Amino acid sequence: MSEKTPPRSRRRRLMPRRRGKPGTPPGTLTPNPQAPPPTIRVVAYGPTTHDEATLTSVAELRGWLTRPGSLWVDVAGLGDVDAIRQLGELFGLHPLALEDVVNTHQRPKLEQYGEHLFAVARMLHDQQSLESEQLALFVAPRFVVTFQERLDDDLAPVRERLRRPGSLVRERGTDYLAYAILDDVVDHYFPVLDRLGERLEGLEERITEGGGAELLHQIRDVKHDLQVVRRAAWPLRDLLNAALRETSAPVTAETRLYLRDCHDHTVQAMDLVETYREIANGLMDLYLSTMSYKTNEVMKVLALIATIFIPLTFVAGIYGMNFDPASSPWNMPELDAYWGYPLVLTAMAAVGATMVLYFKRRRWL
Amino acid sequence: MSEKTPPRSRRRRLMPRRRGKPGTPPGTLTPNPQAPPPTIRVVAYGPTTHDEATLTSVAELRGWLTRPGSLWVDVAGLGDVDAIRQLGELFGLHPLALEDVVNTHQRPKLEQYGEHLFAVARMLHDQQSLESEQLALFVAPRFVVTFQERLDDDLAPVRERLRRPGSLVRERGTDYLAYAILDDVVDHYFPVLDRLGERLEGLEERITEGGGAELLHQIRDVKHDLQVVRRAAWPLRDLLNAALRETSAPVTAETRLYLRDCHDHTVQAMDLVETYREIANGLMDLYLSTMSYKTNEVMKVLALIATIFIPLTFVAGIYGMNFDPASSPWNMPELDAYWGYPLVLTAMAAVGATMVLYFKRRRWL
Amino acid sequence: MSEKTPPRSRRRRLMPRRRGKPGTPPGTLTPNPQAPPPTIRVVAYGPTTHDEATLTSVAELRGWLTRPGSLWVDVAGLGDVDAIRQLGELFGLHPLALEDVVNTHQRPKLEQYGEHLFAVARMLHDQQSLESEQLALFVAPRFVVTFQERLDDDLAPVRERLRRPGSLVRERGTDYLAYAILDDVVDHYFPVLDRLGERLEGLEERITEGGGAELLHQIRDVKHDLQVVRRAAWPLRDLLNAALRETSAPVTAETRLYLRDCHDHTVQAMDLVETYREIANGLMDLYLSTMSYKTNEVMKVLALIATIFIPLTFVAGIYGMNFDPASSPWNMPELDAYWGYPLVLTAMAAVGATMVLYFKRRRWL
Amino acid sequence: MSEKTPPRSRRRRLMPRRRGKPGTPPGTLTPNPQAPPPTIRVVAYGPTTHDEATLTSVAELRGWLTRPGSLWVDVAGLGDVDAIRQLGELFGLHPLALEDVVNTHQRPKLEQYGEHLFAVARMLHDQQSLESEQLALFVAPRFVVTFQERLDDDLAPVRERLRRPGSLVRERGTDYLAYAILDDVVDHYFPVLDRLGERLEGLEERITEGGGAELLHQIRDVKHDLQVVRRAAWPLRDLLNAALRETSAPVTAETRLYLRDCHDHTVQAMDLVETYREIANGLMDLYLSTMSYKTNEVMKVLALIATIFIPLTFVAGIYGMNFDPASSPWNMPELDAYWGYPLVLTAMAAVGATMVLYFKRRRWL
Amino acid sequence: MSEKTPPRSRRRRLMPRRRGKPGTPPGTLTPNPQAPPPTIRVVAYGPTTHDEATLTSVAELRGWLTRPGSLWVDVAGLGDVDAIRQLGELFGLHPLALEDVVNTHQRPKLEQYGEHLFAVARMLHDQQSLESEQLALFVAPRFVVTFQERLDDDLAPVRERLRRPGSLVRERGTDYLAYAILDDVVDHYFPVLDRLGERLEGLEERITEGGGAELLHQIRDVKHDLQVVRRAAWPLRDLLNAALRETSAPVTAETRLYLRDCHDHTVQAMDLVETYREIANGLMDLYLSTMSYKTNEVMKVLALIATIFIPLTFVAGIYGMNFDPASSPWNMPELDAYWGYPLVLTAMAAVGATMVLYFKRRRWL
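Chains as they are written, first to last, in the working numbering: chain A, 385 to 749; chain B, 385 to 749; chain C, 385 to 749; chain D, 385 to 749; chain E, 385 to 749.
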């Protein structure tokens, strides 16, 4: 019987904490000391042109602004608040939106600030534990600016597609690029969900085989991870809904078709999350009822054994009493009887057998 | 007492997995190596004409396009991505919709692409385990194109009706054919639900008769199957709702009456699903409380038996002590008393009877 | 202790089954071999005229069609599909609606077919088990046609009112007659609910008095019956809501006042159903916690008795050992001690009393 | 250990029953034999005038109708159906509304009948058990008619305010009086809720102190009373919402401000009800887990004691066997050994101590 | 084994009680004897001017009214009902709104009274127990009047920002000041939520380590605190939603951007509350299943030990019987057998070992 208190499979904080002291004025960019310094990847592209570079300072960006075609500025790492503020001034981004960029615990949302749209989405990273990273996205007719928390890149496929001449993303406007980025984010939810589905299948098997208390913790882990996906996907659906209804400049009718497709994928992801949550809850119940079934079975068998032997032991106890047959003819004359011992043994066997039969009849055994 | 860990009645994957690597551009048709090669069944029909054939290549279809009347192209088997792409070009189907055709884990939905409507529904197959197969449906004024995953045919009744001259489906447009196909899909939900209802009835009986732990797994199985039906029927209801509100070309007012009827059937199916889910949950509770009731009864009887004999055994133990009456007049003088043994036996019987009476009075026995 | 597996209070099918094979064309009237043959009761009425008859064939109806005033044709028994089809042709009823008439497992609903309204409601029959019967209702400006499954008549009060000259139902149009019929259906829900309420009260009392496992089944029965009422009343509310919003011909403004009243009654019935469901759930919990409380009490007392005697029996066992005092002065010299036996008895009594006191102190006894 | 089956704190009917046989025509006033005879209190008032009287017959009312200013007729006691019908004719009240007045189990609602508004609210009476009484209210530009079930008066404060010259209720129209009456009804919900809150606090304390099974019944009682409040307040909220949207004659814009305030109070009451329900559910859980915690503790200690002594008793049993050392050197030579007895006792002590230590180590003791 | 009844971590009233007797006319200001006397802090400000003072009487305020720019009057302490009434007259505040100011248990809400907006929000104070304090807020084009219950100031950061020349709050109108105050209130929710999150993390760890019954109470405490936050934040969201849709004078389009940001923060807070509630519920389940798992383990081991020894003790009891071998050759000849004793011991050992093996095989040990 395993004895250790069930180990938590991993430590994690329940929820990220909001930085920033209460009472700071709106639009204040509170620096996060742990955030890595920014790397700026810039792509200037059009149907026939494509140029990309990795910059280290915002100043180098200025030259790119005057190029023809569209521009995608991707900032990875939010450690340098000043750089972000300069970028905001360069592209005319609203201070409230910039505050949300730095404060990386936003829910996905879509907001209109003057002529540019501001969207927040969450990318999932499934390394040791499932974490979600904020992706902030500004879309204007001429440029897209994205802010990622870390350098490791989920957006590489989009960048790759931009390099291929003739690809749709080259031929369309910034709204399509923004769609491509969001679609890429949603696409990455599915491998995560697949892994969670596999873990649930594995857990079901182990519960049926009679696993221990650590399974309960693993179910809770999966449920926590599903929560993380849910918190990323649920408001993203609202975001895409809002984008579909958005009739202002940046979003064209044709891109809307693609956004609808992306919305569809998000709904599919949510569907999977809900299904998995139900399955996880079912596993919890299965685990508890399996465990209690097993315990009941054990206890019942043991109780039956005890019950059969206790009356027999009592009879043996009777004939172990030391009443003196010599003092009185009423004192345990059985002890001197010729067939005394065999009769008592037979009686015991009979009592035991009757009880076993009775228990069998009542289907207790 | 049965001992085996309860067997899972059958292995299944929790949810189908989405193929396609994250980051592939939208509209990419990822081939599924396990999908069977396509069989193309084509029907050209009108009030007075009817012609059908089974083709093996898309090229043969060209001749059919110029015929008068309406055309139904039914593709079963999605193993040949190129053929599907050619079909798409032939009929002007949107790449995003074609991607959904190949990616067979779509939720039922209705989408408008230019002049044609695109619908996805799910057919149920109740063989070893309940599975759902995707049916994709394009409706345009002149043609209907359907894509099924497998060759075995749920749509045979529709085909049969097309062969009968004078049937409504011959006399009306493609929108009515599309309705007939969807209605056929919904009609097939009911036998599945009937079988699930019968299984629930059987389970209720077996629980009441005191079945074992495998019942829990069977209830879970039924709940899983209800989930499958639910995932097929629930969004189908939304689809039909959307179709009822659809005022663009393909859907005529008269067909709308029929779609309302089909919508009604879907609601009825959903109703059954919800009722069965509630019944399944009730059975789960019934099973658990029946089991715990039984265990309680067993334990109570056993505990009572033990409790009656333990004090008696103690008394017998007392008179089994070896204190030497010879050493002292205080040492167990009872052992030499004339009525010692009978009195002790009587006392024991009295104690036992009192306890039994007491337990009966408190209704424990 | 009662032993029988708790009896199911009555057998019932979980849900009625839909007849009709998948794939039959819409509007097909599938005959139900168990349905009784139709009895046609016809009433022709107006403010000053009233005439009624029971017909046996549809042909006899023709003469009634030309009479002045309004006409109510009430068909009880759906066993003759041909007669229903003839009736449909006579009154111009839509085939889809007729299909619903025959297929008696419709949810209550209201549908507009051309110039007539088609409504389905469910009447409750509380004989051995609670069952619901379908009432189909066609309303046109000149006639009302109703279809009941059985002959025994819930609509007698309406018929009675039609016979009284000067009653509202005589003076108003067919819409008011339709209201009167629906109101009559709803009125019959309340005695059913009253009986269910009384059963719940009785169950509460019996649980508190400590009833057995059969109570659980009776609670389930009541819950099942509440479900039947709910499935009848819930969509009826929607039906009446739709009728209140209906602005087309048959429903006049004055009748709408009465429909609102009927809607109100339906809401009241739903309210009772919800309250009773909550009470039934509460009883379930009460039953389970009462039972587990009782078992706990029993087990605790028994465990305490056992626990007190087990150490004492051990002591008696010690002095029942046969070590030979003659072999060594260390071998059980107590057995020969002058106060040996009384001291041991006193010690045992002291240990027992201490344990009882200790258990009392900790409030275990 | 308390033994009595937990007493139900009081008997009550689960729900009031609807009188009136099914099938009675709408607008029929079914007399309730238990209802007290009506007392009619009439107040004629205006900014400068005020006159009140208690009448015993409807006929006396006629003289009051011609007075200038507004009129409030308050009927307490619904025992005289004829008087109510006469009142209805006098003021032109709709028969359907009058039926609801007499049938005192209406849900709160607001209905427009021609030029007068008809409202039903429920007043709470917290005497032995919490009961709700129906208040029916007709508002027309010149008069307010209220019907209460009983004479004991919750509306005294309104009557008092009407007596004070210069009070708002004197200066405004009948709509304000109607508001004042409804506000008074809602105001009386709060003392009831306060008492329920106090009972919940008391229950929490007693559960923590380890109360018995009667607490469960008391929690159920509180939950039942909360249900009564809920059923009174919830539809009242809808009623006030409807009144706020009501743009027809009786309700002026200024009164709407006050109705909004009253709506606010109702929402606050509902809020309290929901909070208390949650607390009551939490107490239920707390009670159950406290009880099961206690039982577990008891059982564990007892099981440990038994477990320690059972092996020791076995050892004592061994040396109580009567194998004859004289017959063979192998027969229990220990019994004659010089250190036999002390060694066995020591061994027993060692085994017992080891077990206690082991149990302590595993934190079972 | 810890024995004390689990201590309630702190006493608290379940819910604040509403003062004010039922039946008092609307707009009555009922004094609360425990409320502290008011301190009036006034700030007159404009883009270039700033002046502040702490007054002790309403009379001193008159001089400030004529100053140019905007005015913020902040009243802390509601002990002086007369002063509040005078303030109401000075600024033209509606009596119903003033009643809500004094009656400090309002739900957050936004109401329009003529030309000024009236808002109620709740500030959280996390001292010994989490409490919420009412903040009432009047906004008109020229002034903001706030009423706090206590003097200790959550609004200090806003006052501080007003002192800084060039800050946004100086340059914008009273609507922006109102926003700044509300935003400050919401900002203070997050440290509270962070502390609750930390407590939940701590609780999870202690449950896994096997804590006692007091954990249950602590989880309940956290859930109660979450309820307090929820009741503050949930209606605040509605308030801000209403403010966003408010198109009347005080709220400008630019301020609306900021209100949207504040709304966003409230949604984030609600999100955290919901997540924490789910986690707390999960902890409850974890606690209960951990506890029952532990008890099960203990009981199982103990039952196994008892079960192994009970049959052995029975055998020892057999050979402790005193049948006299001298009286008959059938009377316990084993006792005189040469290998009797060793054989019996061996048999016992064999039986014990078999049982242990059997239990191990069935994975009970």
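Positions of the beta carbon are idealized from the N, C-alpha and C atoms, including for glycine. Values in this document were obtained by computation on a predicted structure and should not be read as measured data.
What does residue i touch in chain D if you count any residue whose Cβ is under 7 Å from its own?
| i | result |
| --- | --- |
| T697 (chain C) | T697 |
Can you pull the chain A residues whose beta carbon is under 8 Å from the beta carbon of residue i, in chain order?
| i | result |
| --- | --- |
| K684 (chain E) | M385, T679, V682, M683 |
Contact criterion: CB-CB distance below 9 Å. Does residue i meet it with respect to chain C?
| i | result |
| --- | --- |
| R394 (chain B) | In this prediction, R394 (chain B) scores a pLDDT of 42, lower than 50, which makes its location untrustworthy; the coordinate-derived value is nonetheless stated afterwards. Output row for R394 (chain B): interface = no. |
| A733 (chain B) | no |
Among the options, which residue has its Cα nearest to the Cα of residue i?
| i | options | result |
| --- | --- | --- |
| P541 (chain B) | C:P409, C:S712, C:G476 | C:P409 |
| A524 (chain D) | D:E638, D:V606, D:C646, D:G476 | D:G476 |
| A627 (chain D) | D:R614, D:C646, D:V613, D:D609 | D:C646 |
| V735 (chain A) | A:E593, A:L696, A:Q496, A:L727 | A:L696 |
| A503 (chain E) | E:P549, E:N625, E:P406, E:R446 | E:N625 |
| A520 (chain C) | C:R579, C:L501, C:G407 | C:L501 |
| E555 (chain D) | D:G453, D:E517, D:Q652 | D:G453 |
| E517 (chain B) | B:K744, B:Y742, B:A617 | B:A617 |
Could you tell me which chain C residues have their CB closer than 7 Å to the CB of residue i, listed as they occur along the chain?
| i | result |
| --- | --- |
| Y722 (chain D) | S711, S712, W714 |
| P409 (chain D) | R545, S551, L552 |
Against residue i, what residues of chain E qualify as contacts under a CB-to-CB distance less than 7 Å, listed in chain order?
| i | result |
| --- | --- |
| L719 (chain A) | N706, F707, D708 |
| I702 (chain D) | A700 |
Closer than 9 Å, CB to CB, is residue i near chain E or not?
| i | result |
| --- | --- |
| A524 (chain A) | no |
| D484 (chain A) | yes |
Check the Cβ of residue i against every Cβ in chain E and list those closer than 8 Å, keeping chain order.
| i | result |
| --- | --- |
| Y725 (chain A) | M705, F707, S712, W714, N715, M716 |
Which chain E residues are close to residue i, counting only those with a beta carbon under 9 Å from its beta carbon?
| i | result |
| --- | --- |
| I424 (chain D) | None at all; the shortest Cβ gap to chain E is about 22 Å. |
Is the CB of residue i under 9 Å away from at least one CB in chain A?
| i | result |
| --- | --- |
| Y671 (chain E) | no |
| I694 (chain B) | yes |
Let me check one thing: in DSSP terms, what residues is residue i bridge-paired to?
| i | result |
| --- | --- |
| I424 (chain E) | E:L439, E:V459 |
| M732 (chain C) | In DSSP, M732 (chain C) forms no bridge with anything. |
| V507 (chain B) | Per the sequence shown, residue 507 (chain B) should be read as Met rather than Val. Bridge partners of M507 (chain B): B:E517. |
| T530 (chain B) | B:D458, B:L521 |
Below 8 Å on the Cβ atoms is my contact criterion, and I expect residue i with residue j to pass it. Report the Cβ-Cβ distance as a whole number of Å.
| i | j | result |
| --- | --- | --- |
| L535 (chain B) | P420 (chain B) | 7 Å |
| D720 (chain C) | P709 (chain C) | 6 Å |
| D648 (chain B) | K493 (chain C) | 7 Å |
Is there at least one Cβ from chain B nearer than 9 Å to residue i's Cβ?
| i | result |
| --- | --- |
| Y497 (chain A) | no |
Return no unless some Cβ of chain D is closer than 9 Å to the Cβ of residue i.
| i | result |
| --- | --- |
| M675 (chain E) | yes |
| Q512 (chain E) | no |
Which residues of chain C have a Cβ atom closer than 8 Å to the Cβ of residue i, listed in chain order?
| i | result |
| --- | --- |
| R747 (chain B) | G594 |
In chain B, which residues lie less than 7 Å from residue i when you measure between Cβ atoms?
| i | result |
| --- | --- |
| T691 (chain A) | L686, I689, A690 |
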